[in-house]
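These notes concern the structure reproduced below.
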Amino acid sequence: MKRIILPIFALAVGSQFLSAKVPAQEASPNQPQKKDVSFEYRFADELQQTPDSIARQEQWFRDAKFGAFIHFGVYSALAGEYNGVVPGFRYSEWIQVSAKMSADEYHEVAKTFNPVDFDADAWAKTFKDSGIQYVVITSKHHDGFALFDSIVSDYNVVDYTPFKRDIIKVLSEACHRQGLKFGVYYSHAQDWDEPDAPYLNTRTKRSILHPELPEDFEPDFDRYIMSKSLPQVEELMKNYEIDLIWFDTPVEMTFERAKLFSDVVRKYRPNCLINSRIIHRGKGKILQENLELFDYVSIGDKEVPTKKLPLYVESPDSVSTSFGYKAKGNHHYHTEVEMIHRLVHTVCAGGNSLLNNGPMGNGQLDPEAVRLYGVIGDWLKVNGESIYRTRRNPLPERPEWGDISVSKDGQTLYLHVLEWPEAGSIELEDLPAAVTAASFLANGEAVEYTQTGAQLELMLPKAALNPYDTVIQLSLNTAL
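Residue numbering for the sequence shown follows my numbering, starting at 171 and increasing by one per position.
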């Protein structure tokens, strides 16, 4: 395929810093040691985000709380099956690897990608009606195929398919018309279409993806960065109204390499948010010296915080066990209760929930994803005050019966009662303020309570007001 090398910022950067390699981890002489992925290990208490990152967060991100993640591409049309084979791997967007397809084989599928039912305005309206505040879509996933009109590579939806429409352009415009912020996912290290790009794990084999390569082929990651990855990120920043960029799988990404990407984002869109996967894998230890490269932390796939965290985070969740659309093989959707509880716990720990859906190959949103989004949206229409524009639980611990958020001014506590008590009451310990009023957020009815010092007890009816989360708001005499 053709490749145009652009004389742009990306290619003007010297490569003397790019050759630094990530040091290998020392293996145990007997057996591999299990990695510590606890939040305590990953998030040291003394970590502090830079003032400019906090300023960017405060513009809209910390108030938004709820976003839509979209995995859409060539793999959507396969829906988890290729040539009658249904690979066992849970993520359908990895089918090129899991079905052991060469790049040439995958190209033939890409040539038929034609999502004729794609309606950007309908998508954006669905998201808006569901209480979603921002949208992030895969502009290029690991397969190397771009959903935008790229001059850098013709392996994109405009040049390579019968669809011929720039999906990133029309969706960004539709989202902004609905008042939604818009972001793009971009896989900046992994690219299965490029022999020079590194791979996340041994599941991906260069000899299968590119059987035409000589046995002595030596991949050059920096050559890939400078010829495709960095120039395409520059295209996205220059040509589209991007509010957030979501990098992923930073294999072999050193500080110097990652800084090339953060610099090009800052050059063209100074207020664009950058996620931590520009350099940090979702479950690795976060280093203070890397915080200048990104604005917030993307934790592990479908991971929910179990404690309050010192940095602002986002959970890349999904309505199902796959991120791309999957109709075949081992696969299931999550329940309404799971989705709402995961949203609540993420917000109360100090973060946003980015809830993924995988549209179908014809361009329509997955009906079950739309239904689940709608259930969450209906709950938010009543209880959104306890989610949007709130801050993390200000008390020392998460209560056994649910979780807690607090209003931005610290004057109102929101008690999320996720497990309705058989005893008819719930207690709150270590409350350093006097409660002046308590009521159900859904209907405004008063809740009877008694307070003795820092201990509060609330008397509740036999049945919950909501099957997912009944919210009680507490007015306080002083801000927390």
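Just so it is clear, CB atoms sit at the ideal spot from N, CA and C, and this is done for glycine as well.
E508 lies in the alpha helix (DSSP H); which residues open and close that run? 506-519
With DSSP collapsed to three states, give me the class of R439. coil
Within 10 angstroms of its Cβ, does P566 collect 16 or more other Cβ (buried), or is it exposed? exposed
Would you identify the three-state DSSP class for Y584, choosing helix, strand or coil? strand
Put N409 into one of helix, strand or coil per three-state DSSP. helix
From the DSSP output, read off the bridge partner residues of I640. According to the sequence as given, residue 640 is Thr; it is not Ile. T640 is bridged to V587.
Assuming contact is defined by CB atoms lying nearer than 7 Å, are P420 and I449 in contact in what I supplied? yes
Would you say S492 and R260 are within 7 Å of each other, going by their C-beta atoms? yes
Leaving out five residues on either side along the sequence, give the residues of the same chain with a beta carbon under 7 Å from the beta carbon of E615. S609
Cβ distance (whole Å) where F283 is taken to contact F333 below 8 Å: 7 Å
Using a Cβ-Cβ cutoff of less than 7 Å, which residues in the same chain neighbour G520 once the five nearest sequence positions on both sides are dropped? K478, L479, Y482, V483, R562
Do you know how far the Cα of A612 is from the Cα of E473? 28 Å
Per DSSP, the bridge partner or partners of T622: Q625
Ordered list of alpha helix (DSSP H) runs contained in the stretch 408-493, each at least 4 residues: 425-438
Measure the CB-CB distance between S272 and P381 and report whether it falls below 7 Å. yes
Output needed for I557: all residues of its chain with C-beta closer than 8 Å, excluding positions within five of it in sequence on either side, in chain order. K235, F236, L513, V514, V517, L550, S575
If you count every other CB in all the chains shown that lies within 10 Å of the CB of D413, and 16 or more means buried, which is it? buried
Alpha-carbon spacing of V354 relative to Y369, whole angstroms: 21 Å
Taking the DSSP output, what are the residues bridged to K310? A316, Y356
Determine the direct distance from the alpha carbon of S357 to that of E463, and round the result to whole angstroms. Per the sequence shown, residue 463 should be read as Leu rather than Glu. Each residue's alpha carbon lies about 16 Å from the other.
Just verifying my parser: in three-state terms, what is the DSSP assignment at K351? strand
Please go through the same chain and pick out, in chain order, the residues whose beta-carbon is closer than 6 Å to the beta-carbon of D319, but skip the five residues on each side of it. V328, D336
When you compare each of S300, T620, P440, H501 to D222 by their alpha carbons, which one comes out closest? P440
Return helix, strand or coil for A607, following the three-state DSSP convention. strand
K204 versus G470 - alpha carbon distance: 17 Å
Measuring CA to CA, which of V540, A294, Q266, V286 is closest to R376? Q266
P637 burial status per 10 Å Cβ neighbour count (16 or more: buried): exposed
Buried or exposed for T622, please, with buried defined as at least 16 other CB atoms from any protein chain shown within 10 angstroms of its CB. exposed
From which residue to which residue does the alpha helix (DSSP H) around V207 run? Premise fails: V207 is in no alpha helix (DSSP H) and is neither H nor E.
In whole angstroms, what separates the C-alpha of V596 from that of H511? Note that residue 596 corresponds to Ile in the displayed sequence, not to Val. Between I596 and H511, the C-alpha separation is close to 18 Å.
Run through DSSP, which three-state label would F239 get? strand
Is it right to say P475 is buried, meaning 16 or more other beta carbons lie within 10 angstroms of its own, or is it exposed? buried
Local Cβ density within 10 Å of N500, reported as buried at 16 or more and exposed below that: exposed
Reduced DSSP category for T145 - H, G, I as helix; E, B as strand; rest coil: The first residue shown for the chain is 171 and the last is 650, placing residue 145 beyond what the model contains.
Rank R212, R447, G349, E506 by C-alpha distance to the C-alpha of D299 and give the top, closest one. G349
Comparing alpha-carbon positions, which option in K339, E388, E364, S446 lies nearest L406? K339
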